[in-house]
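Listed in order, the protein sequences are those of chains A and B. The first sequence begins at 1 in UniProt numbering and counts up one residue at a time. The second sequence begins at 1 in UniProt numbering and counts up one residue at a time. Positions of the beta carbon are idealized from the N, C-alpha and C atoms, including for glycine. Since this is a predicted model, take the numbers as computed values, not measurements. This report refers to the structure that appears directly beneath it.
Number of protein chains: 2
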Amino acid sequence: MSDLLDVVRGLSKKTESKIVLVVLDGVGGLPLEQGGETELGSAKTPNLDKLAADSQMGLVELVGAGITPGSGPGHLSLFGYDPLKYVVGRGALSAVGIGVKLNSGDVAVRGNFATLGAGRVIDDRRAGRPSDEKNAEIVAKLKAAIPEIDGIPVEIYTESEHRFVVVFRAKAGEPLGANIGDVDPQVTGVQPMSAVAHDPASEKTADLINKFVERAEVALKDEPQVNGVLFRGYSDVPHFPSFEDVYKLDAACIASYPMYKGLASLVGMNVLNVEGHEDALEGKVQTLKDNWDKYDFFFFHVKKTDSTGEDGNFAEKVHKVEIFDELLPQILALNPDVLAIVGDHSTPSKLQSHSWHPVPFLIHNGHGRYDPAQRFTEAEGLKGTLGLRKGTDVMPLLMANALKLNKYGA
Amino acid sequence: MSDLLDVVRGLSKKTESKIVLVVLDGVGGLPLEQGGETELGSAKTPNLDKLAADSQMGLVELVGAGITPGSGPGHLSLFGYDPLKYVVGRGALSAVGIGVKLNSGDVAVRGNFATLGAGRVIDDRRAGRPSDEKNAEIVAKLKAAIPEIDGIPVEIYTESEHRFVVVFRAKAGEPLGANIGDVDPQVTGVQPMSAVAHDPASEKTADLINKFVERAEVALKDEPQVNGVLFRGYSDVPHFPSFEDVYKLDAACIASYPMYKGLASLVGMNVLNVEGHEDALEGKVQTLKDNWDKYDFFFFHVKKTDSTGEDGNFAEKVHKVEIFDELLPQILALNPDVLAIVGDHSTPSKLQSHSWHPVPFLIHNGHGRYDPAQRFTEAEGLKGTLGLRKGTDVMPLLMANALKLNKYGA
Chain A
1 MSDLLDVVRG
11 LSKKTESKIV
21 LVVLDGVGGL
31 PLEQGGETEL
41 GSAKTPNLDK
51 LAADSQMGLV
61 ELVGAGITPG
71 SGPGHLSLFG
81 YDPLKYVVGR
91 GALSAVGIGV
101 KLNSGDVAVR
111 GNFATLGAGR
121 VIDDRRAGRP
131 SDEKNAEIVA
141 KLKAAIPEID
151 GIPVEIYTES
161 EHRFVVVFRA
171 KAGEPLGANI
181 GDVDPQVTGV
191 QPMSAVAHDP
201 ASEKTADLIN
211 KFVERAEVAL
221 KDEPQVNGVL
231 FRGYSDVPHF
241 PSFEDVYKLD
251 AACIASYPMY
261 KGLASLVGMN
271 VLNVEGHEDA
281 LEGKVQTLKD
291 NWDKYDFFFF
301 HVKKTDSTGE
311 DGNFAEKVHK
321 VEIFDELLPQ
331 ILALNPDVLA
341 IVGDHSTPSK
351 LQSHSWHPVP
361 FLIHNGHGRY
371 DPAQRFTEAE
381 GLKGTLGLRK
391 GTDVMPLLMA
401 NALKLNKYGA
Chain B
1 MSDLLDVVRG
11 LSKKTESKIV
21 LVVLDGVGGL
31 PLEQGGETEL
41 GSAKTPNLDK
51 LAADSQMGLV
61 ELVGAGITPG
71 SGPGHLSLFG
81 YDPLKYVVGR
91 GALSAVGIGV
101 KLNSGDVAVR
111 GNFATLGAGR
121 VIDDRRAGRP
131 SDEKNAEIVA
141 KLKAAIPEID
151 GIPVEIYTES
161 EHRFVVVFRA
171 KAGEPLGANI
181 GDVDPQVTGV
191 QPMSAVAHDP
201 ASEKTADLIN
211 KFVERAEVAL
221 KDEPQVNGVL
231 FRGYSDVPHF
241 PSFEDVYKLD
251 AACIASYPMY
261 KGLASLVGMN
271 VLNVEGHEDA
281 LEGKVQTLKD
291 NWDKYDFFFF
301 HVKKTDSTGE
311 DGNFAEKVHK
321 VEIFDELLPQ
331 ILALNPDVLA
341 IVGDHSTPSK
351 LQSHSWHPVP
361 FLIHNGHGRY
371 DPAQRFTEAE
381 GLKGTLGLRK
391 GTDVMPLLMA
401 NALKLNKYGA
């Protein structure tokens, strides 16, 4: 059966209308006490309240019942890509998370620096957890020693402590496979393993990995502690039908964290520059204003509603919602044809982690019926006309409300 | 595309938390008069009311919109196995229904005793509907005459009246196919048909069937009425990913009727012995208490809410709900981390049969939001935060609420 994305691709059309999709990361929550209010329910949000009373509302489940979405699957679902079908592996997510642009056919690999003793036996799988500065120093040595292998460009990036990322850049028309066994034996006292290809398409990559390991050990032979590399988590880069092709939208990403910019670029959005530190909300609004005439779709990402939940700081998460509420009138003043507000997953302060609970979803200025929901909260979302939806329903609903979809069939 | 079961299998983890899944068989109902109360709405259930007010609620559709589930698909759906994908044939369900344990590769067949006249022409396709005692007497003769065919063990079981079940036990590594034409021509005045294999994997089984028919007619040649056998409904045994493998649970089944024990054993649950007659509710609670420390998942089955509905006895179905309500505090006293109550389908007394209507679904003691539902009824389930769900969503939601699922993707 073809999925909704294929159907939408066949029906979408270019129009003048503009869509803003605001993702309040991890915004869904839980009450601290049974029967109490969630973070959204506790927040004082006069602007959101007024908007919600005049909008269509519902709830969204990003991956499936009971499934807690990572940031990757959560966003891909909101962008309309079924997260069970479009899987971004750990290596690719690590690369994307530090701002590396990946192309179809490339392979991204997560690496650990290790300490090797006599006879290449692993003494420490994390090389004593080096500082980020030491990591960068080692990465610089490796970059100098291994700019390419057998004509394949090799890129090496610091992640943090003992973690680094390697990207092998495929030549046009010669995609690299990533179905390869680990180098990391996950125990000490033995040698690193040889990378073994599990299918013919991955044989070249396995050879690149083994040559990288060998040349890295030569380059680091005088290092007392950081003198070996271990690999696991190889990812090829899935082919995403481009956002522009599917939706006929000129799409812009307004985000400050590399992970979200990377996910947006994977589906082909234009990633705009944002001025300011950390979540840089004012800078994001300025970017939105400055680029208003140039695009017809804006993905506007707010991070701190998630990180405060991860910290277990209920009051601070409430506060971050209130800060967004203060800023909302500036977005409304641009008069988007369709404004949507949603989360990519819940992050209840109570659980200090992502969770499986559905998130509230709001569509403003579309073409909706009377909607009883009065606030942008989980409890009011439950009453809304949009119902409980899959994440992949969000984009089709936005497209429809922006009158950008033709009729299906005659 | 992978289904939710595969996703859950990759995310599930062993923890200390315990889950109890109570299935009130056929508990969903209908009002006798438009606008009236259902059986659940009419029942006096102080304990369930208190529980529901303090729980997450919703409604569950077991197979699909408008589809009335049999007991097999209803339960498989609750256990997380898509009933459209995991099909248990009639022969296998009959075998399971009389308590026969089937293994992958075996073939179970439904048989009818028939009366054959001169020239093997069928006079009566049901052999005059013999008594169950006569059936057992004939089955005993057949068992003595046909313990095996060509080295394949043959088991023969009384079902009722003219119905019996044959199980052909496959040798290890040599699964028997079940894609075979009927022996029963479904009309009288003609001879039984030869069983014909519809694929190479079923040729051996077809040969076994034809030899069985021949040898049975010899063994029964002196019987005046029950002197022939007809077959239709051949089932191989589907391979179920084991419950333990998918969910990392040590699961126990507490049920009194063979069908439910059989379904539980098909997915790999441990079937516990229950003392007592008929539905044996007190015996089931005792079994739950006695085994509380040995398992972390309990499927607790209550049958009489269904059978009273099948009888069209509204008042008695109400009463059976009230009996469960009286017993509920003993289950709660064990303090399960997650207690779920749900039905496997509706059985409205008004229809005297299973029906397609969604059933109420309750999750207690998990991690839920404020939930407006106040009673365990169809009408209150509609208000609940869990929404209207597929049956296969139940297990992922229980696993999530028991904090037994890792995050999907990074």
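In chain order, each alpha helix (DSSP H) run of at least 4 residues that lies wholly inside the segment 179-266 of chain B: 203-219, 243-247, 258-266
Please report the straight-line C-alpha distance between residue 314/B and residue 276/B, rounded to a whole angstrom. As a first step, residue 314/B is located in the second sequence; it is residue number 314 there, counting from the start. As a first step, residue 276/B is located in the second sequence; it is residue number 276 there, counting from the start. C-alpha separation (whole angstroms): 25 Å.
Exercise for the section: With DSSP collapsed to three states, give me the class of residue 94/B. Expected result: Reading the second sequence from its first residue, position 94 is the one you call residue 94/B. Note: residue 94/B maps to helix in three-state DSSP.
Going by beta carbon distance, what residues of the same chain come within less than 8 Å of residue 261/B, once the five residues before and after it are set aside?
-> Counted from its first residue, the second sequence places residue 261/B at position 261. Correct list, in chain order: 99, 253, 255, 271.
- Query: Just checking, does the segment 70-77 of chain B make contact with the segment 130-143 of chain B on the three C-beta pairs under 8 Å criterion?
  - Reply: no
Where residue 90/A meets chain B, residues with beta-carbon distance less than 7 Å: In the first sequence, counting from the first residue as 1, residue 90/A sits at position 90. Simply 410.
**Asked** Is the number of C-beta pairs between the segment 358-374 of chain A and the segment 63-73 of chain A that are closer than 8 Å three or more?
**Response** no
- Spell out whether any CB of chain A is found under 7 Å from the CB atom of residue 421/B. Outside the shown range of chain B, which is 1 to 410, sits residue 421/B, and nothing can be said about it.
Point to revise | Spatially closest choice to residue 92/A from 214/A, 268/A, 64/A, 259/A, by CA coordinates | key: As a position in the first sequence, residue 92/A is number 92, starting the count at 1. Cα-wise, what sits closest to residue 92/A is 259/A.
Chain B partners of residue 30/A, CB-CB under 8 Å?
The count along the first sequence starts at 1 and reaches residue 30/A at position 30. Neighbours of residue 30/A on chain B, chain order: 367, 368, 369.
Legend entry - Through-space distance from residue 287/A to residue 273/A, alpha-carbon basis: Within the first sequence, residue 273/A is the residue found at index 273, counting from 1. Within the first sequence, residue 287/A is the residue found at index 287, counting from 1. Answer to the nearest angstrom: the Cα atoms are 7 Å apart.
Beta-carbon proximity check, residue 304/A vs residue 279/A, cutoff 7 Å: In the first sequence, counting from the first residue as 1, residue 304/A sits at position 304. In the first sequence, counting from the first residue as 1, residue 279/A sits at position 279. The answer is yes: Cβ separation under 7 Å.
Practice task
Taking only beta-carbon positions, decide if residue 174/A is within less than 7 Å of chain B.
Solution key: On the first sequence, position 174 is the one that residue 174/A refers to. It does not: the Cβ of residue 174/A has no partner Cβ on chain B nearer than 7 Å.
Could you tell me the distance, in whole angstroms, from the CA atom of residue 336/B to the CA atom of residue 321/B? Taking the second sequence and counting its residues from 1, one reaches residue 336/B at position 336. Taking the second sequence and counting its residues from 1, one reaches residue 321/B at position 321. Answer to the nearest angstrom: the Cα atoms are 21 Å apart.
Starting from the beta carbon of residue 396/B, find every residue of chain A whose beta carbon is closer than 7 Å, and list them in chain order. The count along the second sequence starts at 1 and reaches residue 396/B at position 396. By Cβ distance, chain A contributes 64, 65, 66, 67.
**Contact check, residue 218/A vs residue 168/A, beta carbons under 7 Å** = On the first sequence, residue 218/A is found 218 positions in, with the first residue counted as 1. On the first sequence, residue 168/A is found 168 positions in, with the first residue counted as 1. No, these two residues do not count as a Cβ contact at 7 Å.
Would you identify the three-state DSSP class for residue 269/A, choosing helix, strand or coil? Along the first sequence, one-based indexing puts residue 269/A at 269. Three-state result, residue 269/A: coil.
Would you please verify whether the beta carbon of residue 354/A is less than 7 Å from any beta carbon of chain B?
Here residue 354/A is taken as the residue at index 354 of the first sequence, counted from 1. True, the Cβ-Cβ gap to chain B drops below 7 Å.
**OP:** Please state if the CB of residue 58/B and the CB of residue 343/B are separated by a distance shorter than 7 Å.
**Re:** In the second sequence, residue 343/B corresponds to position 343, counting from 1. In the second sequence, residue 58/B corresponds to position 58, counting from 1. No. Outside cutoff.
Exercise for review: Express the C-alpha separation of residue 330/B and residue 33/A in angstroms, rounding to a whole number.
Suggested key: Position 33 of the first sequence, counted from the first residue, corresponds to residue 33/A. Position 330 of the second sequence, counted from the first residue, corresponds to residue 330/B. One C-alpha to the other measures close to 25 Å.
ask   = residue 346/B: which of 378/B, 365/B, 340/B sits nearest, CA to CA?
value = Here residue 346/B refers to the residue found at position 346 of the second sequence. Selected option, being the one with the closest Cα: 378/B.
Note to self: Determine, for residue 73/A, whether the minimum Cβ-Cβ distance to residues of chain B falls below 7 Å.
What the structure shows: Mapped onto the first sequence, residue 73/A falls at position 73. At least one chain B Cβ lies under 7 Å of residue 73/A.
### Message
Suppose you measure from the CA of residue 361/A to the CA of residue 394/A; what does that come to, to the nearest Å?
### Response
Within the first sequence, residue 361/A is the residue found at index 361, counting from 1. Within the first sequence, residue 394/A is the residue found at index 394, counting from 1. If you take the alpha carbons of residue 361/A and residue 394/A, they lie about 9 Å apart.
So, under 8 Å CB-CB, residue 40/B and residue 29/B are touching, yes? Tell me the CB distance rounded to an integer number of Å.
Along the second sequence, one-based indexing puts residue 40/B at 40. Along the second sequence, one-based indexing puts residue 29/B at 29. Contact holds; Cβ gap of about 6 Å.
- Tell me where the alpha helix (DSSP H) around residue 421/B begins and ends. An answer regarding residue 421/B cannot be provided, because it is not within the stretch 1 to 410 covered by chain B.
#### Entry: Beta-carbon contacts of residue 243/B that lie in its chain and below 7 Å, excluding the five residues immediately before and after
What you label residue 243/B is simply residue 243 of the second sequence in a count that begins at 1. Contacts found: 79, 249, 251, 267, 268, 269.
Is DSSP giving residue 285/A helix, strand or coil here? Along the first sequence, read from residue 1 onward, the residue named residue 285/A stands at position 285. Correct three-state label for residue 285/A: helix.
Considering only their Cβ atoms, is the gap separating residue 129/A from residue 162/A smaller than 7 Å? As a working mapping, residue 162/A is identified with position 162 in the first sequence. As a working mapping, residue 129/A is identified with position 129 in the first sequence. Yes.
Exercise for review: Out of 310/B, 14/B, 43/B, point me to the one whose CA is closest to residue 324/B's CA.
Suggested key: Within the second sequence, the letter at position 324 stands for residue 324/B. Ranking 310/B, 14/B, 43/B by Cα distance to residue 324/B puts 43/B first.
Considering only the alpha carbon of each residue, which of 11/A, 5/A, 4/A lies closest to residue 410/A?
The sequence position of residue 410/A within the first sequence is 410, counting from 1. That would be 11/A, whose Cα lies nearest to the Cα of residue 410/A.
Exercise for the section: Just confirm the distance between the C-beta atoms of residue 4/B and residue 309/A, as a whole number of angstroms; I'd bet it's less than 8 Å. Expected result: Position 4 of the second sequence, counted from the start, is the residue given in the question as residue 4/B. Position 309 of the first sequence, counted from the start, is the residue given in the question as residue 309/A. So it is not a contact: roughly 25 Å between Cβ atoms.
- Message: Suppose the cutoff is 7 Å on Cβ atoms and the five residues either side in sequence are ignored; what does the same chain contact list for residue 210/A look like?
- Response: For the purposes of this step, residue 210/A is taken as residue 210 along the first sequence, with counting starting at 1. So the list reads 194, 195, once near-sequence residues are dropped.
Item checked: Local conformation of residue 5/A per DSSP, three classes -> Position 5 of the first sequence, counted from the first residue, corresponds to residue 5/A. Three-state result, residue 5/A: helix.
> Going straight from the alpha carbon of residue 89/A to that of residue 61/A, what length do you get?
Replying inline: Locating residue 89/A in the first sequence gives position 89, counting from the first residue. Locating residue 61/A in the first sequence gives position 61, counting from the first residue. Their Cα atoms are separated by approximately 21 Å.
**Message:** For a test of the three-state rule: what should DSSP assign to residue 42/B, helix, strand or coil?
**Reply:** As a first step, residue 42/B is located in the second sequence; it is residue number 42 there, counting from the start. Helix at residue 42/B.
Check: Just how far apart, CA to CA, sit residue 87/A and residue 164/A?
Finding: In the first sequence, the residue the question calls residue 87/A occupies position 87. In the first sequence, the residue the question calls residue 164/A occupies position 164. Approximately 21 Å, taken between the alpha carbons.
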